[in-house]
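Mapping of the sequence shown onto the working numbering: residues 1485 to 1596, in sequence order. Contents: one structure, followed by commentary.
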Amino acid sequence: MQKIPNKFFFRIGEVSKLTSVEPHVLRYWETEFKSLRPKKNKAGQRVYKKKDVLLILSIKELLYKQKYTIAGAKKRIESEQDMSVLTVANPSFKDTLHEVKEELKEVLKVLS
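Right, here's the structure in full:
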């Protein structure tokens, strides 16, 4: 994988080269993943932001390396985004979640 240049916007051809994902696949992913919605410039060309490129790399990892289905990758991406929103809004939420997880592990040990 190439290093992502420090630019504000990328065209679909640039994103395709950076991510090694064909443009037609990128356009298809836009229809499947609601968080992947690049804007269009005045000429109607898609313009991706760096966060879009990172999201594409995440989707590629889930689909091609971890062998998720489209539906599974969608759920995973949405749950990660929900979690990041919660932890940004309330940083202590992450600690609380960790504590609950540990308590559940203890309960499961007792029950088994």
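C-beta atoms are modelled at their ideal positions from N, C-alpha and C, and glycine is treated no differently. What you are looking at is a predicted structure, and each value in this text was computed from that prediction instead of being measured.
Cβ pair residue i, residue j closer than 8 angstroms
{"i": "I1496", "j": "R1530", "result": "yes"}
{"i": "K1544", "j": "T1503", "result": "yes"}
{"i": "Q1565", "j": "S1500", "result": "no"}
{"i": "L1539", "j": "A1557", "result": "no"}
Counted within 10 angstroms of its Cβ, other Cβ atoms place residue i as buried (16 or more) or exposed
{"i": "Y1532", "result": "buried"}
{"i": "V1591", "result": "exposed"}
{"i": "P1489", "result": "exposed"}
{"i": "L1595", "result": "exposed"}
{"i": "V1537", "result": "buried"}
Residue i in three-state terms, based on DSSP
{"i": "Y1532", "result": "strand"}
{"i": "T1503", "result": "helix"}
{"i": "R1511", "result": "helix"}
{"i": "K1526", "result": "coil"}
{"i": "R1521", "result": "coil"}
Of the residues the options, the one placed nearest residue i, counting alpha carbons only
{"i": "K1491", "options": "K1558, K1535 and K1524", "result": "K1535"}
{"i": "K1524", "options": "T1553, F1494 and K1551", "result": "F1494"}
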